[in-house]
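Per this note's numbering: the sequence shown = residues 139 to 221.
Each residue gets a CB set at the ideal place from its N, CA and C atoms; glycine is no exception.
In this text, all values refer to a predicted model and were calculated from it rather than measured experimentally.
Let me begin by presenting the structure, written as structure tokens, before commenting on it.
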Amino acid sequence: MQEGTVVIVNQRRGMFVVQIDEGDFAVFELLAGTDVAIGDRVAGDLEALGHEELRHVGQRRRFAAYGQSGPSSLVVCKRLVGD
Numbered sequence: 139m140q141e142g143t144v145v146i147v148n149q150r151r152g153m154f155v156v157q158i159d160e161g162d163f164a165v166f167e168l169l170a171g172t173d174v175a176i177g178d179r180v181a182g183d184l185e186a187l188g189h190e191e192l193r194h195v196g197q198r199r200r201f202a203a204y205g206q207s208g209p210s211s212l213v214v215c216k217r218l219v220g221d
């Protein structure tokens, strides 16, 4: 299970970017379960495309998200979330 840190949140679009501990970035759409904020730690298959259950490390809660990008650069992720 990978872990990463939320580095960008677009509340209006319900999307966020995670910097995976290994160095890549990934975009997710928040589907249900909990809110995320910049600095939050999340865990799960952070390279997944499609529906994925992630875990909010600080809140110890699972939530549904949709992987939009797979491992990508920060520039690509910013473009996807509209930052």
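For residue j and residue i, the rounded distance between their alpha carbons
i: Ser-211; j: Arg-217; result: 10 Å
i: Leu-192; j: Ser-207; result: 15 Å
i: Gln-140; j: Arg-179; result: 11 Å
i: Glu-185; j: Pro-209; result: 5 Å
DSSP state of residue i mapped onto helix, strand, coil
i: Leu-218; result: helix
i: Leu-168; result: strand
i: Leu-212; result: helix
i: Gly-177; result: coil
i: Leu-192; result: strand
Beta-bridge pairing of residue i - partner residues as DSSP gives them
i: Glu-160; result: In DSSP, Glu-160 forms no bridge with anything.
i: Glu-141; result: Ala-181
Distance between beta carbons of residue j and residue i, contact taken as under 8 Å
i: Ala-232; j: Cys-215; result: Because the chain here runs from 139 to 221, residue 232 falls outside it and cannot be looked at.
### Task
Could you tell me whether the region 159 to 175 touches the region 185 to 205, using the rule of 3 or more Cβ pairs below 8 Å?
yes
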